[in-house]
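Visitor: I'd like to ask some things about the structure below.
Protein chains: 2
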Amino acid sequence: MTEHCSDRLLGVARELFAKNGYDGTSVRAITSRAKANLSAVTYHFGAKHVLYSAVLALLMKPLGKRINFALLAERPPLDKIESVVRVFFDHIRANPDMPAIIVREMASGKPVSGIIATTMGQSLGQLAAVIGQGQADGSIRAGDPTLLALSCVAQPIYLNLARRAIAAAAGLDQDDPGVFHRVVEHATLTVRALLRA
Amino acid sequence: MTEHCSDRLLGVARELFAKNGYDGTSVRAITSRAKANLSAVTYHFGAKHVLYSAVLALLMKPLGKRINFALLAERPPLDKIESVVRVFFDHIRANPDMPAIIVREMASGKPVSGIIATTMGQSLGQLAAVIGQGQADGSIRAGDPTLLALSCVAQPIYLNLARRAIAAAAGLDQDDPGVFHRVVEHATLTVRALLRA
DNA sequence: GAGAAATTCGTACGACCGTATGATGGTATT
DNA sequence: AATACCATCATACGGTCGTACGAATTTCTC
Chain X
7 MTEHCSDRLL GVARELFAKN GYDGTSVRAI TSRAKANLSA VTYHFGAKHV LYSAVLALLM
67 KPLGKRINFA LLAERPPLDK IESVVRVFFD HIRANPDMPA IIVREMASGK PVSGIIATTM
127 GQSLGQLAAV IGQGQADGSI RAGDPTLLAL SCVAQPIYLN LARRAIAAAA GLDQDDPGVF
187 HRVVEHATLT VRALLRA
Chain V
7 MTEHCSDRLL GVARELFAKN GYDGTSVRAI TSRAKANLSA VTYHFGAKHV LYSAVLALLM
67 KPLGKRINFA LLAERPPLDK IESVVRVFFD HIRANPDMPA IIVREMASGK PVSGIIATTM
127 GQSLGQLAAV IGQGQADGSI RAGDPTLLAL SCVAQPIYLN LARRAIAAAA GLDQDDPGVF
187 HRVVEHATLT VRALLRA
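Residue numbers (our numbering), protein chains in the order written: chain X, 7 to 203; chain V, 7 to 203.
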C-alpha cells in the first residue's frame, strides 16, 4: 500500500475545496470520493478545518521555498523576477488547484490562514526588495515596490484563474502543453515590460 | 418608505456573498441583517440562487455598459484602455464587493453565471479588438490580444482583491481616498507600460 | 371606509451538515 | 496463539440549511 488514506483525503480535498470552496465542500463528498469512511477526516485530521489547513500548507510551503530559492541567485533583478514568475507557473501546473484556493482565501472576509499570510507576506516582501534593487540600479521604473510586486504576481495568478475565460474568448486551452508554454512566455514578457524603466 | 425590502435584501446579500461566498451565506443571515422576515427571500426572489443572480446582474450590467461607452470614444487605443482601467477602479470604488464575487465566480468549478459570461466575454472581446488596433498602428507591442487584455484587466481586479495584503505589506489602506488615487495611478501606468511597443 | 391586493410574519418540514461513539476488522509484537 | 494497536466501519446526534404554507398585517383601489 503505497498511498495512505490520509493522502487520498488530502488530494480529493484539495480538488474539491478549489472547485467548490470550503463551505461548498462537505466532509461526506470528500470521504466518498476518496473511497474512505465518513469518519476518516475526523480520525486522520481531527476536524474539517484542520484538513483544509493541511491542504493550504501543502500548496503554499513548497511555493514559498521555491520563490525563496529563485530570489537567492546572483542575477540581475529583472531576471530574478522572471524566474519567480516561471516558478509560479511551474507550481501551478503541478498544482492546478492553487489559484482558485488562494484567490478564495483572499476574497474571504475572514482573516486569512496563517500559512498563507506568512508565505505571501514573505514572498511579497522579498519581491519588493528585489524591485527596490532594480530601481536603485536603474533597470526598473519608479513606483511603489509593493504595488509593482503585486502587479507582477497578478499575472500568473489571474491568467490561471481565467483559464476558462481564455478558452472561451481565444480558444486557448492551457491543458495543452504548447498553449501553456505560450501563456508562460506571454506572462514573462508582460512582467518585464511592466517593470522596465 | 423610499427603500423597499427587496432593495435592502439585495444590498445585504451583495455584502455577505462577497464576504463569505454563496454557500457561506445563509438566507437567515441575509434576512436578519436586512431586518426582514426569513421568508422575504422566497417571496421577493423565489429562491436564494435567484437573489444571487440578481446581485451579479446589479454588479455586472453597469460595468459592462460603462466599458462599452469608454471604448466607443475616438481616441488612441492606449488612451481607451487607460480609461477602461479607470472605469474598473471607479466601479469598484462604488461597489467594493465586486472583485471578491467575480473572482469567486471564476474560481468556481461550476459553469459561470450567464450574466458574467456575457459581460466578461463581450468586454474582453472589445478590449482585444482595441489592442489589435493598437498593434496595427504600432502603438502596442506584439502578442495575443486576448492575453494582453487579460493582463490589463488583472490589474484593477487583483489590486483590489489584495487590499488586505497591500495594507499588511505596504501599510496602504485603499479606503483612504489619497491611497486609492495612488493605486489607480499605479495601475494605469502599469497597464500602459505593459502594452507599450 | 370597505374590499382587494400585496407584503410580512411565525412556524414547520425534510435534507444535509460536522462530529462523536462504539463495534469490527486487520496487523504486528510478544 | 494471544494480545495490543491502528484503521475502518455503520450509525446516531444535535444543529442549520433552503423552502413551503397559512395566518396576520399593511398598503392600495374604488
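Every residue, glycine too, gets a C-beta built ideally from N, C-alpha and C.
In angstroms with no decimal places, state the Cα-to-Cα distance between VAL93/V and ALA60/V.
Guide: The sequence position of residue 93/V within the second sequence is 87, counting from 1. The sequence position of residue 60/V within the second sequence is 54, counting from 1. Cα to Cα, the separation comes out at about 22 Å.
Visitor: Hey, how far is the Cα of LEU65/X from the Cα of PRO117/X?
Guide: For the purposes of this step, residue 65/X is identified with residue 59 of the first sequence, where counting begins at 1. For the purposes of this step, residue 117/X is identified with residue 111 of the first sequence, where counting begins at 1. C-alpha separation (whole angstroms): 18 Å.
Visitor: Going along chain X, which residues have a C-beta under 8 Å from ILE172/V?
Guide: Numbered from 1 along the second sequence, position 166 holds the residue referred to as residue 172/V. The contacting residues are THR152, LEU153, LEU156.
Visitor: Which chain V residues are close to ILE73/X, counting only those with a beta carbon under 7 Å from its beta carbon?
Guide: Translated into positions along the first sequence, residue 73/X becomes position 67. Per Cβ cutoff of 7 Å: no residues; ILE73/X is ~15 Å from chain V at best.
Visitor: Return no unless some Cβ of chain X is closer than 8 Å to the Cβ of THR196/V.
Guide: For this step, residue 196/V is matched to residue 190 along the second sequence. Judged by the 8 Å Cβ criterion, THR196/V is in contact with chain X.
Visitor: Please classify ARG212/V: does DSSP put it in a helix, a strand, or coil?
Guide: Residue 212/V falls outside the range modelled here, since chain V spans only 7 to 203, and no answer is possible.
Visitor: At a Cβ threshold of 8 Å, is GLN141/V touching chain X?
Guide: On the second sequence, residue 141/V is found 135 positions in, with the first residue counted as 1. No, its Cβ sits nowhere closer than 8 Å to a Cβ of chain X.
Visitor: Quick one: complete alpha helix (DSSP H) runs, 4+ long, within the segment 70 to 102 of chain V?
Guide: 83 to 100
Visitor: Quick one: Cα of PHE23/X to Cα of LEU16/X, how far?
Guide: For the purposes of this step, residue 23/X is identified with residue 17 of the first sequence, where counting begins at 1. For the purposes of this step, residue 16/X is identified with residue 10 of the first sequence, where counting begins at 1. Cα to Cα, the separation comes out at about 10 Å.
Visitor: Measuring only between beta-carbons, confirm whether LYS54/V sits less than 8 Å from chain X.
Guide: For the purposes of this step, residue 54/V is taken as residue 48 along the second sequence, with counting starting at 1. Taking Cβ atoms only, chain X never reaches closer than 8 Å to LYS54/V, which makes this a no.
Visitor: Hey, is LEU165/X's beta-carbon within less than 8 Å of any beta-carbon in chain V?
Guide: Here the question's residue 165/X lines up with position 159 in the first sequence. Judged by the 8 Å Cβ criterion, LEU165/X is in contact with chain V.
Visitor: Under 8 Å between the Cβ atoms of SER119/V and LEU62/V?
Guide: As a position in the second sequence, residue 119/V is number 113, starting the count at 1. As a position in the second sequence, residue 62/V is number 56, starting the count at 1. Yes. Within cutoff.
Visitor: Please report the distance separating the alpha-carbon of ASP29/X from that of VAL56/V.
Guide: On the first sequence, position 23 is the one that residue 29/X refers to. On the second sequence, position 50 is the one that residue 56/V refers to. Inter-residue distance for ASP29/X and VAL56/V is about 19 Å (C-alpha atoms, whole angstroms).
Visitor: Kindly list, in the order they appear in chain V, the residues whose Cβ is closer than 7 Å to that of ARG110/X.
Guide: In the first sequence, counting from the first residue as 1, residue 110/X sits at position 104. The answer, in chain order, is ARG110, ALA113.
Visitor: Can you list the residues of chain V that ARG147/X reaches, using a CB-CB cut of under 9 Å?
Guide: Counted from its first residue, the first sequence places residue 147/X at position 141. Neighbours of ARG147/X on chain V, chain order: LEU195, ALA199.
Visitor: Scan the segment 16 to 32 of chain X for residues whose Cβ lies nearer than 8 Å to a Cβ of chain V and list them as they occur along the chain.
Guide: Legend: CB atoms of the segment 16 to 32 of chain X lying less than 8 Å from CB atoms of chain V belong to residues ALA24, LYS25, ASN26, GLY27, TYR28, ASP29, GLY30.
Visitor: From what residue to what residue does the alpha helix (DSSP H) around GLY127/V run?
Guide: The sequence position of residue 127/V within the second sequence is 121, counting from 1. That run of the alpha helix (DSSP H) goes 120 to 142.
Visitor: Nearest CA to the CA of SER157/X: which residue from ALA40/V, GLU191/V, ARG99/V?
Guide: Along the first sequence, read from residue 1 onward, the residue named residue 157/X stands at position 151. Here the closest residue by C-alpha is GLU191/V.
Visitor: Could you tell me the alpha carbon to alpha carbon distance between GLU111/X and ALA176/V, rounded to whole angstroms?
Guide: As a working note, residue 111/X is residue 105 in the first sequence. As a working note, residue 176/V is residue 170 in the second sequence. Distance between the alpha carbons of GLU111/X and ALA176/V: 20 Å.
Visitor: Is LEU77/V closer than 8 Å to ILE146/V when the C-beta atoms are compared?
Guide: Within the second sequence, the letter at position 140 stands for residue 146/V. Within the second sequence, the letter at position 71 stands for residue 77/V. Not in contact: ILE146/V and LEU77/V (Cβ atoms no closer than 8 Å).
Visitor: Between the alpha carbons of ARG14/X and ALA155/V, how many angstroms are there, rounded?
Guide: In the first sequence, the residue the question calls residue 14/X occupies position 8. In the second sequence, the residue the question calls residue 155/V occupies position 149. So the two alpha carbons sit approximately 39 Å from each other.
Visitor: Measure the C-alpha to C-alpha separation of GLY144/V and TYR164/V and round it to an integer number of angstroms.
Guide: Residue mapping note: residue 144/V aligns to position 138 of the second sequence, counting from 1. Residue mapping note: residue 164/V aligns to position 158 of the second sequence, counting from 1. Rounded to the nearest angstrom, the two C-alpha atoms are 28 Å apart.
Visitor: Compare the Cα-Cα distances from TYR58/V to each of THR194/V, ILE122/V, PHE186/V, ALA199/V and report the closest residue.
Guide: Indexing the second sequence from 1 puts residue 58/V at position 52. For the residues THR194/V, ILE122/V, PHE186/V, ALA199/V, the minimum Cα distance to TYR58/V belongs to ILE122/V.
Visitor: In angstroms, rounded to a whole number, what distance separates the CA positions of ARG99/V and ALA42/X?
Guide: Here residue 99/V corresponds to residue number 93 of the second sequence, with the count starting at 1. Here residue 42/X corresponds to residue number 36 of the first sequence, with the count starting at 1. Answer to the nearest angstrom: the Cα atoms are 46 Å apart.
Visitor: I'd like to know whether the C-beta of HIS97/V is nearer than 8 Å to at least one C-beta of chain X.
Guide: For the purposes of this step, residue 97/V is identified with residue 91 of the second sequence, where counting begins at 1. No, no contact with chain X.
Visitor: Would you mind stating whether ARG198/V and GLU88/V have Cβ atoms separated by less than 8 Å?
Guide: One-based indexing of the second sequence puts residue 198/V at position 192. One-based indexing of the second sequence puts residue 88/V at position 82. In contact: ARG198/V and GLU88/V (Cβ atoms closer than 8 Å).
Visitor: What does the alpha-carbon distance come out to for the pair ILE195/V and ALA40/X?
Guide: The sequence position of residue 195/V within the second sequence is 189, counting from 1. The sequence position of residue 40/X within the first sequence is 34, counting from 1. The sequence given here places Leu at residue 195/V; Ile does not occur at that position. Between LEU195/V and ALA40/X, the C-alpha separation is close to 48 Å.
Visitor: Going by beta-carbon coordinates alone, are GLN128/X and PRO83/X separated by less than 8 Å?
Guide: Counted from its first residue, the first sequence places residue 128/X at position 122. Counted from its first residue, the first sequence places residue 83/X at position 77. No, Cβ-Cβ distance for GLN128/X and PRO83/X is not below 8 Å.
Visitor: Between LEU69/X, ALA106/X, ALA35/X, ASP103/X, which lies nearest to VAL91/X when the distance is taken from Cα to Cα?
Guide: In the first sequence, the residue the question calls residue 91/X occupies position 85. Taking only the C-alpha atoms, the option nearest VAL91/X is LEU69/X.
Visitor: State the Cα-Cα distance for the pair GLY5/X and ILE108/V, rounded to the nearest angstrom.
Guide: An answer regarding residue 5/X cannot be provided, because it is not within the stretch 7 to 203 covered by chain X.
Visitor: Could you name the residues of the segment 120 to 141 of chain V whose beta carbon sits closer than 8 Å to any beta carbon of chain X, in the order they occur along the chain?
Guide: ALA123, MET126, GLY127, LEU130, GLY131, ALA134
Visitor: Contact criterion: CB-CB distance below 8 Å. Does GLN180/V meet it with respect to chain X?
Guide: Stepping through the second sequence from its first residue, residue 180/V is reached at position 174. It does not; no Cβ of chain X falls within 8 Å.
Visitor: Buried or exposed for ALA46/X, going by 16 or more other Cβ atoms inside 10 Å?
Guide: As a working mapping, residue 46/X is identified with position 40 in the first sequence. Looking at its Cβ environment, which holds 16 or more other Cβ atoms inside 10 Å, ALA46/X is buried.
Visitor: Which residue comes first and which comes last in the alpha helix (DSSP H) that contains ASP13/X?
Guide: Against the first sequence, residue 13/X aligns to sequence position 7. It spans 11 to 26 - the alpha helix (DSSP H) in which ASP13/X sits, taken as one unbroken run.
Visitor: Residues of chain X with CB under 9 Å from VAL90/V, in chain order?
Guide: For the purposes of this step, residue 90/V is identified with residue 84 of the second sequence, where counting begins at 1. Taking a Cβ-Cβ cut-off of 9 Å, VAL90/V has no neighbours in chain X, whose nearest Cβ is about 16 Å from it.
Visitor: Along the alpha helix (DSSP H) that carries ASN166/V, what are the first and last residues, could you check?
Guide: Taking the second sequence and counting its residues from 1, the one referred to as residue 166/V is at position 160. Counting along the chain, the alpha helix (DSSP H) containing ASN166/V begins and ends at 151 to 167.
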